[in-house]
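Novice: Starting off with a structure, shown below.
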Amino acid sequence: MSNHRVTSSQQYRRRRLTPPPPVPVCGVLCYNRLMTATTVPQYHELMWPVLTALKELGGSATVKEMYERVVEDEHFSEDQQAVSTKDGRMSEIEYRLHWARTHLKGIGAIENSARGVWTVTDKGKTITPDQMRTDVKTYRDEVQRRTKQKQVSSGAAAEAGDEELDTWKDQLIARLLLIPPDGFERLTQRLLREAGFVNVTVLGKSGDGGIDGVGVYRLSLVSFPVYFQCKRYKGTVTAGAVRDFRGAMAGRGEKGLLITTGSFTKDAQNEASRDGAPPVELIDGDRLCDLLRDYRLGVDVRESVELEVALNSSFFDEYGSA
Numbered sequence: 007m008s009n010h011r012v013t014s015s016q017q018y019r020r021r022r023l024t025p026p027p028p029v030p031v032c033g034v035l036c037y038n039r040l041m042t043a044t045t046v047p048q049y050h051e052l053m054w055p056v057l058t059a060l061k062e063l064g065g066s067a068t069v070k071e072m073y074e075r076v077v078e079d080e081h082f083s084e085d086q087q088a089v090s091t092k093d094g095r096m097s098e099i100e101y102r103l104h105w106a107r108t109h110l111k112g113i114g115a116i117e118n119s120a121r122g123v124w125t126v127t128d129k130g131k132t133i134t135p136d137q138m139r140t141d142v143k144t145y146r147d148e149v150q151r152r153t154k155q156k157q158v159s160s161g162a163a164a165e166a167g168d169e170e171l172d173t174w175k176d177q178l179i180a181r182l183l184l185i186p187p188d189g190f191e192r193l194t195q196r197l198l199r200e201a202g203f204v205n206v207t208v209l210g211k212s213g214d215g216g217i218d219g220v221g222v223y224r225l226s227l228v229s230f231p232v233y234f235q236c237k238r239y240k241g242t243v244t245a246g247a248v249r250d251f252r253g254a255m256a257g258r259g260e261k262g263l264l265i266t267t268g269s270f271t272k273d274a275q276n277e278a279s280r281d282g283a284p285p286v287e288l289i290d291g292d293r294l295c296d297l298l299r300d301y302r303l304g305v306d307v308r309e310s311v312e313l314e315v316a317l318n319s320s321f322f323d324e325y326g327s328a
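This is the structure:
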């Protein structure tokens with residue numbers, strides 16, 4: 007197994023470290039400004055929708071669940087969902103939702119667990135738009151102060167900050183994007199074999215209408231063919247791509263698997279599970295990274311144990327106090 011570590015460019019790191027240019031604080035939560043069909047709201051404007059979505063979902067949610075609820079609540083079009091970041095790593099909506107969550111966490115309105123589940127805090131349950139505006143300004147001023155302090159004290163500290171945001175998934179996606187299309191198909195073949203598929207065949211140029219390969223999945227006494235398509239893709243995959251793939255499957259099989267290094271629009275997700283149509287399972291870049299980690303394909307996992315010791319003063323209350 008290769009221990010090759012992908013190092014992202016300085017330009018990409020700066021992109022990850024720096025949020026999109028904010029609108030003035032006085033403009034936070036102003037949703038009625040004139041926008042074109044593909045304009046994506048600033049991350050400031052998405053903070054309240056993110057908090058609202060979390061509350062609607064019962065006070066906790068994954069990143070994917072929040073994305074889907076915000077897209078639904080804000081009525082984002084497929085054109086808006088298809089707008090990708092300059093580096094093509096994700097959609098612009100996903101990117102700005104990331105920074106909306108970062109700022110909400112920074113002001114103490116939400117928090118996240120080690121497993122990536124976000125929850126509303128007590129403060130988040132009662133915070134008002136006016137209080138959010140004030141707290142965001144205070145938080146941003148503090149972040150800017152600390153950033154300047156780090157830059158003055160040590161250039162190495164700023165570099166370390168870059169590495170913290172440049173996660174293993176970012177590195178892995180960047181590495182996957184360097185693989186040629188046929189290599190990505192062979193990697194998918196290996197992944198499906200590890201996941202229990204048999205007779206996995208890459209069709210390559212002989213593929214029909216975009217079908218890259220087929221494998222047989224066995225479930226107890228039943229087995230069935232699953233056709234797959236690989237998209238080593240920068241940006242988002244739209245509903246049209248799902249429909250085209252399903253059309254290519256017509257008359258061949260009823261199970262499809264669409265794998266991408268990018269992401270899927272909400273409309274694409276709805277199309278994949280549309281009633282009356284053969285289902286298409288979607289695997290986006292985030293889930294692909296998890297699968298490669300789970301099967302240890304190009305990802306090394308090392309367990310570490312870290313103990314945090316703190317006083318639980320209330321434990322001693324029943325014994326009285328002097």
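Its first residue numbered 7, the sequence shown is counted upward by one per residue in the working numbering.
C-beta atoms are modelled at their ideal positions from N, C-alpha and C, and glycine is treated no differently.
Predicted, not measured: the structure shown is a model, and the values here were computed from it.
So the candidates are Gly268, Ala201, Asn318, Pro284; which of them puts its Cα closest to the Cα of Arg302?
Specialist: Comparing Cα positions, the closest option is Ala201.
Novice: Between Tyr49 and Trp105, which are expected to be in contact by the criterion C-beta below 8 Å, what is the C-beta distance as a whole number of angstroms?
Specialist: Rounded, the Cβ-Cβ distance is 4 Å, consistent with contact.
Novice: State the beta-bridge partners of Thr266 as determined by DSSP.
Specialist: For Thr266, which the question treats as bridged, DSSP gives the partners Lys237.
Novice: Going by beta carbon distance, what residues of the same chain come within less than 7 Å of Asp292, once the five residues before and after it are set aside?
Specialist: So the list reads Lys175, once near-sequence residues are dropped.
Novice: Look at the alpha carbon of Leu193 and the alpha carbon of Val208, and state the distance between them as a whole number of angstroms.
Specialist: Using only the alpha carbons, I get a separation of about 10 Å.
Novice: From Leu317 to Leu198, what distance separates their C-alpha atoms?
Specialist: Spanning the two alpha carbons is a distance of roughly 48 Å.
Novice: Compute the distance between the beta-carbons of Leu264 and Leu288, then report whether it is under 7 Å.
Specialist: Contact: yes.
Novice: Go through its chain and collect everything with a Cβ distance to Ser320's Cβ below 7 Å, but skip five positions before and after it.
Specialist: If we look at Ser320 and ignore the five residues flanking it on each side, it has no Cβ neighbours.
Novice: Quick one: is Thr218 buried, meaning 16 or more other Cβ sit within 10 Å of its Cβ, or exposed?
Specialist: Strictly speaking, residue 218 in this sequence is Asp, with Thr absent from that position. Burial call: buried.
Novice: How about Val46 and Val77: do their beta carbons lie closer than 7 Å?
Specialist: In this structure, Val77 does not lie closer than 7 Å to Val46 by Cβ.
Novice: Can you tell me whether DSSP reads Ala201 as helix, strand or coil?
Specialist: Correct three-state label for Ala201: coil.
Novice: Quick one: using the 10 Å Cβ neighbour count with 16 as the cut-off for buried, is Glu98 buried or exposed?
Specialist: Answer is buried; the Cβ neighbour count reaches 16.
Novice: Inspect the CB distances between the stretch 239-258 and the stretch 54-73 and report whether three or more fall short of 8 Å.
Specialist: They do not touch, by the three-pair rule.
Novice: For a quick check, are the C-beta atoms of Gly268 and Thr242 less than 7 Å apart?
Specialist: Contact: yes.
Novice: Considering Cα atoms alone, identify which of Leu294, Thr244, Ser119 is closest to Leu178.
Specialist: Out of Leu294, Thr244, Ser119, Leu294 has the C-alpha closest to the C-alpha of Leu178.
Novice: For Val232, which residues in the same chain have their Cβ closer than 6 Å to its Cβ, ignoring the five residues on either side in sequence?
Specialist: Closer than 6 Å at the Cβ level, and outside the excluded window around Val232, lie Gly221, Tyr223, Lys261, Leu263.
Novice: If you run the structure through DSSP and keep just helix, strand and coil, what is Glu117?
Specialist: Correct three-state label for Glu117: strand.
Novice: Which same chain residues end up closer than 7 Å to Ile185 when comparing Cβ atoms and leaving out the 5 residues on each side of it in sequence?
Specialist: Taken in chain order, the residues that qualify are Leu193, Arg238.
Novice: Going by alpha carbons, who is nearest to Leu182 out of Glu309, Ser310, Val305?
Specialist: Checking every option, the nearest Cα to that of Leu182 belongs to Val305.
Novice: Put Tyr223 into one of helix, strand or coil per three-state DSSP.
Specialist: In the structure shown, Tyr223 sits in a strand (DSSP, three-state: E or B).
Novice: At a cut of 8 Å, does the stretch 127-137 reach the stretch 110-119 through at least three beta carbon pairs?
Specialist: With the cut-off at 8 Å, the stretch 127-137 and the stretch 110-119 touch.
Novice: Classify Pro231 as helix, strand or coil using the three-state DSSP reduction.
Specialist: Three-state result, Pro231: strand.
Novice: Along the chain, where does the beta strand (DSSP E) that runs through Glu287 open and close?
Specialist: Segment 286-289, the beta strand (DSSP E) holding Glu287.
Novice: Please classify Tyr101 as buried or exposed, where buried requires at least 16 other C-beta atoms within 10 Å of its C-beta.
Specialist: By the 10 Å Cβ count, Tyr101 comes out buried.
Novice: Does the beta-carbon of Asp273 have 16 or more other beta-carbons within 10 angstroms, so that it is buried, or is it exposed?
Specialist: When all chains shown are included, Asp273 counts as buried.
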